[in-house]
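Engineer: In the working numbering, the protein residues as written are 92 to 417. C-beta atoms are modelled at their ideal positions from N, C-alpha and C, and glycine is treated no differently. Here the structure is a predicted model, which means the values were calculated and not measured.
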Ligand SMILES: Cc1cc2nc3c(=O)[nH]c(=O)nc-3n(C[C@H](O)[C@H](O)[C@H](O)COP(=O)(O)OP(=O)(O)OC[C@H]3O[C@@H](n4cnc5c(N)ncnc54)[C@H](O)[C@@H]3O)c2cc1C
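#1: Please state the DSSP three-state secondary structure of residue 168.
#2: Confirm the yes/no value for this check: CB of residue 242, any heavy atom of ligand 1, distance under 8 Å.
#3: Buried or exposed, going by whether 16 or more other CB atoms sit within 10 Å of the CB of residue 409?
#4: If you check the beta carbons only, do residue 292 and residue 302 fall under 9 Å apart?
#5: Look at the Cβ atom of residue 266, then the Cβ atom of residue 199, and state whether they are nearer than 9 Å.
#6: Applying the criterion that 16 or more other CB atoms from any shown protein chain within 10 Å of the CB defines a buried residue, is residue 164 buried or exposed?
#7: In three-state DSSP terms, what is residue 101?
#8: Can you determine whether any heavy atom of ligand 1 sits closer than 8 Å to the C-beta of residue 259, and answer yes or no?
#9: Can you tell me the Cα-Cα spacing of residue 337 and residue 349, whole angstroms?
#10: Taking all protein chains shown into account, do 16 or more other C-beta atoms lie within 10 angstroms of the C-beta of residue 116, making it buried, or fewer, making it exposed?
#11: For residue 212, count neighbouring Cβ atoms within 10 angstroms of its own Cβ and tell me buried if that reaches 16, exposed if not.
#12: With a threshold of 8 Å on Cβ separation, who are the neighbours of residue 103 within its own chain once the five nearest residues in sequence on each side are excluded?
#13: For residue 383, I'd like the list of residues in its chain whose CB is within less than 6 Å of its CB, leaving aside the five on either flank, ordered along the chain.
#14: In the DSSP assignment, what are the bridge partners of residue 270?
#15: Heavy atom of ligand 1 less than 8 Å from the Cβ of residue 275, yes or no?
#16: If you run the structure through DSSP and keep just helix, strand and coil, what is residue 115?
#17: Hey, how far is the Cα of residue 149 from the Cα of residue 272?
#18: Could you tell me whether the segment 166 to 173 touches the segment 253 to 266, where touching means 3 or more Cβ pairs closer than 8 Å?
#19: Does the pairing of the segment 141 to 155 with the segment 246 to 255 give three or more beta-carbon distances under 8 Å?
#20: Would DSSP call residue 415 helix, strand or coil?
#21: With a threshold of 8 Å (Cβ to nearest heavy atom), would residue 407 be considered close to ligand 1?
#22: Shorter than 8 Å, the distance from the beta carbon of residue 280 to the closest heavy atom of ligand 1, or not?
#23: Determine the direct distance from the alpha carbon of residue 333 to that of residue 367, and round the result to whole angstroms.
#24: Quick test of the definition: if touching needs 3 or more C-beta pairs under 8 Å, does the segment 239 to 247 touch the segment 203 to 221?
#25: Give a yes or no on contact between the segment 384 to 398 and the segment 344 to 360, applying the rule of three or more CB pairs nearer than 8 Å.
#26: Quick check on DSSP: helix, strand or coil for residue 218?
#27: Output yes or no for whether 9 Å exceeds the beta carbon distance between residue 153 and residue 122.
#28: Going by the CB atoms, is the gap between residue 413 and residue 361 shorter than 9 Å?
#29: What whole-angstrom Cβ distance do residue 320 and residue 275 have, given they're in contact under 8 Å?
#30: Using the beta-carbon count (16 or more within 10 Å), is residue 162 buried or exposed?
#31: Counting only the same chain and skipping the five closest in sequence on each side, list residues whose C-beta sits under 8 Å from that of residue 233.
#32: Return the Cβ separation of residue 351 and residue 323 in integer angstroms, given the expectation that the two are a contact with Cβ distance under 8 Å.
#33: Less than 8 Å separating the Cβ of residue 175 from some heavy atom of ligand 1?
#34: For the beta strand (DSSP E) containing residue 96, list its first residue and its last residue.
#35: Can you give me the C-alpha to C-alpha distance between residue 138 and residue 400, rounded to a whole angstrom?
Put into structure tokens, the structure is as follows:
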């Protein structure tokens, strides 16, 4: 019978016998920028640094440049995890064949911290502490079924029964392996679904490990993904209507005022102007304060700077909330 494996050198261990490792990759942040510049032309080179361009593309869901970056992973996971993983249809997969090779005696036994009750609120989740006795029973059953099924499988194999049939007695906690190749756009989609707290713990572990690798290869793209997808929030029209109705005018106006100051401070940081040009610049960006108030605030201290495009997009959203009130 095939022996239990030791993990390859660059593998990130996942669960009790699994791992994920990068086999190969093509491109990184540079490939995204290179592809984007083909469509936007050289003109953008002056105004946007690579990081800013990548953030802009991700924010505006201009996704094809992200498809220029490719990753090939070698992954080993229980079959029930692979069942969820394989639903991501854009990947190219080549899996270890149990028709051709013998199954290895490697089964997933959940760690006791992850044995919880069925959640009453979330039909696809776990919650509620299980007693030590019941946890032990769960682990014992996992081991018993794994050992028994493997013994039956081995017996059928030794009797010469076709492997493609004998394998059917094995449970879904047995480990399988595959090569999984995909592009960055679809990998980020995979990560957004499978790193999410709603995803099953066992696949989340793999998604988190994959994310570490992606972050190393395309750090700006990963950062933008964290900021706009993982940490971002979208409001439905119903939610926007609630915000519009219930946010006091003062709050929106204060936010809008601060954002305009930030835009001016960022423009000034990026391309310093003479002092007498500042108030006209503030007015050009829809600032409503008097010149005296503007100068007071300007000289009072730190005004937060950021990314001009992003601040302008935020300003537009605030204006649309404000207009919704009128
Ligand atoms: C928390 C969670 C719970 C889930 N529960 C269930 C469940 O109970 N039952 C179940 O069956 N599945 C379930 N799924 C799987 C889910 O429905 C999707 O199949 C899976 O997440 C893959 O998503 P996807 O289709 O967007 O990804 P991919 O297959 O990777 O596709 C990426 C994108 O490509 C496009 N695309 C790919 N193929 C096509 C196509 N043929 N036609 C049109 N557009 C395409 C779509 O825009 C898609 O978003 C669950 C997933 C999650 C994350």
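Structural biologist: The relevant details are as follows:
#1: Within the chain shown, residue 168 is the residue found at index 77, counting from 1. If DSSP states are grouped into helix, strand and coil, residue 168 belongs with the strands.
#2: Counted from its first residue, the chain shown places residue 242 at position 151. It does not: the Cβ of residue 242 is nowhere closer than 8 Å to a heavy atom of ligand 1.
#3: For the purposes of this step, residue 409 is taken as residue 318 along the chain shown, with counting starting at 1. So residue 409 counts as buried.
#4: As a position in the chain shown, residue 292 is number 201, starting the count at 1. As a position in the chain shown, residue 302 is number 211, starting the count at 1. Not in contact: residue 292 and residue 302 (Cβ atoms no closer than 9 Å).
#5: The sequence position of residue 266 within the chain shown is 175, counting from 1. The sequence position of residue 199 within the chain shown is 108, counting from 1. Yes, they are a contact pair.
#6: Within the chain shown, residue 164 is the residue found at index 73, counting from 1. Residue 164 is buried by the Cβ-count criterion.
#7: As a first step, residue 101 is located in the chain shown; it is residue number 10 there, counting from the start. Here residue 101 sits in coil by DSSP.
#8: Here the question's residue 259 lines up with position 168 in the chain shown. Result no, Cβ not under 8 Å from ligand 1.
#9: Looking up residue 337 in the chain shown gives position 246. Looking up residue 349 in the chain shown gives position 258. In a straight line, the C-alpha of residue 337 is about 20 Å away from that of residue 349.
#10: To locate residue 116, count along the chain shown from 1; it is residue 25. Residue 116 comes out buried.
#11: By 1-based counting over the chain shown, the position of residue 212 is 121. Answer is exposed; the Cβ neighbour count stays below 16.
#12: Counting from one through the chain shown, the residue named residue 103 turns up at place 12. Here the set comprises 110, 111, 112, 300, 303 and 304.
#13: Here residue 383 corresponds to residue number 292 of the chain shown, with the count starting at 1. Counting only Cβ-Cβ distances below 6 Å, and skipping sequence neighbours, we find nothing.
#14: Taking the chain shown and counting its residues from 1, the one referred to as residue 270 is at position 179. BP columns for residue 270 point to 165 and 185.
#15: Mapped onto the chain shown, residue 275 falls at position 184. Residue 275 Cβ: outside cutoff for every heavy atom of ligand 1.
#16: Residue mapping note: residue 115 aligns to position 24 of the chain shown, counting from 1. Correct three-state label for residue 115: strand.
#17: As a position in the chain shown, residue 149 is number 58, starting the count at 1. As a position in the chain shown, residue 272 is number 181, starting the count at 1. The alpha-carbon atoms of residue 149 and residue 272 are separated by roughly 21 Å.
#18: yes
#19: no
#20: Reading the chain shown from its first residue, position 324 is the one you call residue 415. Three-state DSSP puts residue 415 in a helix.
#21: The sequence position of residue 407 within the chain shown is 316, counting from 1. No, ligand 1 has no heavy atom inside 8 Å of this Cβ.
#22: Taking the first residue of the chain shown as position 1, residue 280 is located at position 189. Yes, ligand 1 has a heavy atom inside 8 Å of this Cβ.
#23: Within the chain shown, the letter at position 276 stands for residue 367. Within the chain shown, the letter at position 242 stands for residue 333. Cα to Cα, the separation comes out at about 41 Å.
#24: no
#25: yes
#26: Translated into the one-based positions of the chain shown, residue 218 becomes position 127. Strand at residue 218.
#27: Within the chain shown, numbered from 1, the residue matching residue 153 stands at position 62. Within the chain shown, numbered from 1, the residue matching residue 122 stands at position 31. Contact flag unset, no.
#28: Taking the first residue of the chain shown as 1, we reach residue 361 at position 270. Taking the first residue of the chain shown as 1, we reach residue 413 at position 322. Not in contact: residue 361 and residue 413 (Cβ atoms no closer than 9 Å).
#29: Here the question's residue 320 lines up with position 229 in the chain shown. Here the question's residue 275 lines up with position 184 in the chain shown. Not confirmed; about 12 Å, so no contact.
#30: Residue 162 sits at position 71 when you count from the first residue of the chain shown. Label assigned to residue 162: buried.
#31: Position 142 of the chain shown holds residue 233. Around residue 233: 198, 199, 200, 201 and 264.
#32: Counting from one through the chain shown, the residue named residue 351 turns up at place 260. Counting from one through the chain shown, the residue named residue 323 turns up at place 232. Not a contact, Cβ separation roughly 23 Å.
#33: The residue given as residue 175 occupies position 84 in the chain shown. Indeed, a heavy atom of ligand 1 lies less than 8 Å from the Cβ.
#34: As a position in the chain shown, residue 96 is number 5, starting the count at 1. Careful: residue 96 lies outside any beta strand (DSSP E) and carries neither H nor E.
#35: Position 47 of the chain shown, counting from 1, holds the residue named residue 138. Position 309 of the chain shown, counting from 1, holds the residue named residue 400. Since pLDDT at residue 138 reaches only 39, below the 50 mark, its modelled position is unreliable, and no value is offered.
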